[in-house]
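Student: The structure under discussion is supplied below as structure tokens; questions concerning it will follow.
Number of protein chains: 2
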Amino acid sequence: MSAPWITYRPELKVMDCTIRDGGLVNDHLFDDALVKAVYETCVEAGIDYMELGYKGSKKLFAPGKFGDWKFCDEDDMRRLVGDNDGSLKLAAMADAEKTDYHEDILPKSQSVLDVIRVATYVHQLPVAVDMINDAADKGYEVTCNLMAISIVQDAEIDQALEILRETPVSTIVVVDSFGSLYQEQVQRLVKKYREALEGTGKEVGIHAHNNQQLAFANTIESIIHGANRVDATMAGMGRGAGNCPMELLIGFLRNPAYRVRPVYQVLQDYFVDLRNKCDWGPMVPYNITGQLNQHPRSAIATVSSDDRHAYVELYDKLVADL
Amino acid sequence: MSAPWITYRPELKVMDCTIRDGGLVNDHLFDDALVKAVYETCVEAGIDYMELGYKGSKKLFAPGKFGDWKFCDEDDMRRLVGDNDGSLKLAAMADAEKTDYHEDILPKSQSVLDVIRVATYVHQLPVAVDMINDAADKGYEVTCNLMAISIVQDAEIDQALEILRETPVSTIVVVDSFGSLYQEQVQRLVKKYREALEGTGKEVGIHAHNNQQLAFANTIESIIHGANRVDATMAGMGRGAGNCPMELLIGFLRNPAYRVRPVYQVLQDYFVDLRNKCDWGPMVPYNITGQLNQHPRSAIATVSSDDRHAYVELYDKLVADL
């Protein structure tokens, strides 16, 4: 009788996305102290990668309206992490059609960043491939987040994987943007991605959302079926319902390289306060959009309104509009 | 390519445990209006069973200190549900060594209850078997919750199943009292229980706790592997971290006999207010005890203290005491 859950795979790597995905809750207006605390926690906890934010276009996003982590300018990053001496790798996300990548992504030799994560919807794939090549040419490790996969047809996913297989990406991430996937669906997708990438050495990742309280479970499910790149955030902070909580993930992984105590420390020192100012987590409106496999924008609107508990009204409206 | 998650099994039945397990949060001191609303919601949502509370011993629990649902006296139940005309079945839990079952459980012909759920730790099994026989002789459907299974050895579980197999129980429930089980463990247990009960017509149930945000996921996992009796509670209300949320479960099950809208209605009408008075859910202290496979009492103490966010202190204490 085997008990694989008490073993570990050394090749599995964890990425902290707190500032990047969590920044969607507060327009990336984090205090420096918190960003620095998350960075130091990643170092102490033995986390492999930290995503500092987006490389957002200043033509689309006004710098006064958004915090520094919407843009990840070199000076802002170095203000907090210096030259980032150590084994933690730093990443920034570049959204297809929302990034001036030719100008804003510097050659790797001039940047403290190690990884560019290109995020794309399936219809933006040609742009994404150009971004991937651009970042790889500049010397970065490049990964690709294929978003909102729960509303993409199998033929389209297969085509996207066939194209991405030929690019220099090191990892392709299964992204459950709407938090709508159940374990069996995640299992099927992870297997599909792995089969499509067989023989390339490329890894499969998982980026889960917590609309149905399944982000941690779906992350475990992905790991069981061979995903070796795993996203999580401190206190599960992320857009809407949030992401897989780092405290649960690190506590689950048996690799002695990881330590959970620093994560509890940063939660208690910083995220209790932050929760009084920002709002995320698997609240009922997010349950509803997740189960209906819809973008969380209507749930975000409900949660931000005066009548944040108008669950039936939200449900009726979404069902009527199906 | 198959997609079993969009089908359903008509033989799968859902039990609402809100008042019974949720009552462990507030000493069963619920307003009548809320209990009645949960009852009516169960009827409207097509839920199969509702557990009204415990048959607690008045020698152990002072009636003034606890609400009516600690005892489920016949008059109190009938005050709210009348003769319970309709298809919803009513259950009460009888805890081994905490129930005066010979006196307090009436013959079925005199009771509005349909089901007695005998809850037992493995070391109490001889008492539990006597209680099972007593309730069956009195005319009830009887089920058995084998508790805290995550700290019981396989040989003991096997022995318990061998004994229970010969009793008149209709269902044996896998109970993750500490909320410590991961999907693979749940899968293994459900398969073990099913194999042990093969050929008897007895069903396997699942009662999950949400310490690691896995209650819904573990419930799905159990269903995938053949559990046909499934526990959940409104808003996930239950001791400590709570249980599998009914709103998620009913939204997931594809059986058209179930309707999720009445569940959203009762959440918005009653459970938003209740949350301001009572505290449950997968807070960090419960993550910690769940991951350490421990009884949640230390986490409950932390959450009830002045320093409810003292996560590191709780973690250090529990790790030091291992």
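Quick mapping for you: the protein sequence lines, in order, are chains A and B. Numbering of the first sequence is given in our numbering, commencing with residue 28 and proceeding in unit increments. Numbering of the second sequence is given in our numbering, commencing with residue 28 and proceeding in unit increments. Glycine included, C-beta positions come from ideal geometry on N, C-alpha and C.
(1) Could you check the C-alpha separation between ARG221/A and ARG215/A for me, to the nearest Å?
(2) Chain B beta carbons: is any one of them nearer than 9 Å to that of PHE243/A?
(3) Give me the residue from VAL108/B, SER136/B, ASP54/B, ASP181/B with the minimum Cα distance to GLY91/B.
(4) Can you tell me which of MET77/A, GLU274/A, TYR128/A puts its alpha carbon nearest to the alpha carbon of LYS116/A?
(5) So within the region 58 to 135 of chain A, which uninterrupted alpha helix (DSSP H) runs reach at least 4 residues, ignoring any that extend past its ends?
(6) Are there 16 or more other CB atoms within 10 angstroms of the CB of LEU349/B, so buried, or fewer, so exposed?
(7) What separation, rounded to the nearest whole angstrom, lies between the Cα atoms of ALA121/A and SER204/A?
(8) Alpha carbon to alpha carbon, what distance is there between ILE143/A and GLU230/A?
(9) Taking the Cβ atom as the reference point for each residue, do PRO195/B and VAL169/B lie within a distance shorter than 9 Å?
(10) So, under 8 Å CB-CB, THR126/B and MET158/B are touching, yes? Tell me the CB distance rounded to an integer number of Å.
(11) Which whole-angstrom value describes the C-beta separation of ILE277/A and VAL287/A, a residue pair presumed to lie in contact below a C-beta threshold of 8 Å?
(12) Which chain B residues are close to GLU274/A, counting only those with a beta carbon under 7 Å from its beta carbon?
(13) Using a Cβ cut-off of 9 Å (strictly closer), state whether GLY217/A contacts chain B.
(14) Quick one, are the C-beta atoms of VAL213/A and ILE233/A less than 9 Å apart?
(15) Have a look at LEU280/A and ILE251/A and give me their C-alpha separation to the nearest angstrom.
(16) Secondary structure at THR34/B, three-state DSSP: helix, strand or coil?
(17) Using a C-beta to C-beta distance shorter than 8 Å, which residues of chain B count as neighbours of VAL299/A?
(18) Could I get the ranges of all uninterrupted beta strand (DSSP E) runs contained in the region 165 to 243 of chain B, with 3 residues as the minimum, in chain order?
(19) Please report the distance separating the alpha-carbon of GLY166/B from that of GLN295/B.
(20) Could you give the distance in angstroms between the alpha-carbon of ALA326/A and the alpha-carbon of PRO272/A?
(21) Can you give me the start and stop residues for the alpha helix (DSSP H) that MET273/B sits inside?
(22) DSSP three-state call for VAL330/B: helix, strand or coil?
(23) When the cut-off is 9 Å and only beta carbons count, does TRP96/B lie next to chain A?
(24) ARG266/A versus chain B: which residues are under 7 Å apart at the beta carbon?
(25) Taking C-alpha atoms, which residue in ALA262/B, GLY228/B, ASN270/B lies nearest to ALA242/B?
(26) At the 9 Å Cβ level, is TRP307/A part of the contact set with chain B, yes or no?
(27) Would the beta-carbon of ASP258/A fall within 9 Å of that of LYS219/A?
(28) Output yes if chain A places a C-beta closer than 9 Å to the C-beta of GLY360/B; else output no.
(29) Measuring CB to CB, does TYR297/A end up less than 9 Å from MET261/A?
(30) Are the CB atoms of GLU248/B and VAL217/B nearer to each other than 9 Å?
(31) Scan the region 278 to 289 of chain A for residues whose Cβ lies nearer than 8 Å to a Cβ of chain B and list them as they occur along the chain.
(32) Ignore the nearest five residues each way along the sequence and tell me which others in VAL201/B's own chain have a CB closer than 8 Å to its CB.
(33) Between which two residues does the beta strand (DSSP E) containing THR147/A stretch?
Tutor: To lay it out plainly:
(1) Distance from the CA atom of ARG221/A to the CA atom of ARG215/A, rounded to whole angstroms, is 10 Å.
(2) Closer than 9 Å: yes.
(3) Of the listed residues, the one whose Cα sits closest to GLY91/B is ASP54/B.
(4) Considering only alpha carbons, the answer is MET77/A.
(5) Here the runs fully enclosed are 59 to 72, 101 to 108, 128 to 131.
(6) With fewer than 16 Cβ atoms within 10 Å of its Cβ, LEU349/B is classed as exposed.
(7) ALA121/A and SER204/A: Cα-Cα distance of roughly 16 Å.
(8) Their backbone Cα atoms lie some 15 Å apart in a straight line.
(9) If you check the CB distance, PRO195/B and VAL169/B come in under 9 Å.
(10) With 8 Å as the limit, THR126/B and MET158/B qualify as a contact, their Cβ atoms being about 7 Å apart.
(11) Confirmed, about 5 Å.
(12) At a C-beta separation below 7 Å, GLU274/A has these neighbours in chain B: VAL311, ASN314.
(13) In the sequence as displayed, the identity of residue 217/A is Val instead of Gly. Taking CB atoms only, VAL217/A has no neighbour in chain B less than 9 Å away.
(14) Result yes, Cβ atoms of VAL213/A and ILE233/A sit closer than 9 Å.
(15) LEU280/A and ILE251/A: Cα-Cα distance of roughly 12 Å.
(16) Under the three-state reduction of DSSP, THR34/B is assigned to coil, being neither helix nor strand.
(17) Within chain B, the residues placing a beta-carbon under 8 Å from that of VAL299/A are HIS336, ordered along the chain.
(18) Within the region 165 to 243 of chain B, the complete beta strand (DSSP E) runs of at least 3 residues are 168 to 173, 198 to 202, 230 to 234.
(19) Taking the straight line joining both Cα atoms gives about 38 Å.
(20) Their backbone Cα atoms lie some 20 Å apart in a straight line.
(21) Run containing MET273/B: 273 to 279, per the alpha helix (DSSP H) assignment.
(22) Helix, per DSSP.
(23) Residue contact check for TRP96/B against chain A: no CB pair falls below 9 Å.
(24) Result: empty, since nearest Cβ-Cβ is about 17 Å, beyond 7 Å.
(25) Nearest C-alpha to ALA242/B among ALA262/B, GLY228/B, ASN270/B: ASN270/B.
(26) Not one chain B Cβ lies under 9 Å of TRP307/A.
(27) Contact flag unset, no.
(28) For chain B, the structure presents residues 28 to 349; residue 360/B sits outside this window and is missing.
(29) Pairing TYR297/A with MET261/A gives a Cβ-Cβ distance under 9 Å.
(30) It is a contact, given that the beta carbons lie within the stated cut-off.
(31) The region 278 to 289 of chain A vs chain B, Cβ under 8 Å: GLY278, PHE279, VAL287, ARG288.
(32) Closer than 8 Å at the Cβ level, and outside the excluded window around VAL201/B, lie LEU173, ILE176, VAL213, LEU216, VAL217, TYR220, VAL231, GLY232, ILE233, HIS234, SER249, ALA254.
(33) For THR147/A, the enclosing beta strand (DSSP E) starts and ends at 142 to 147.
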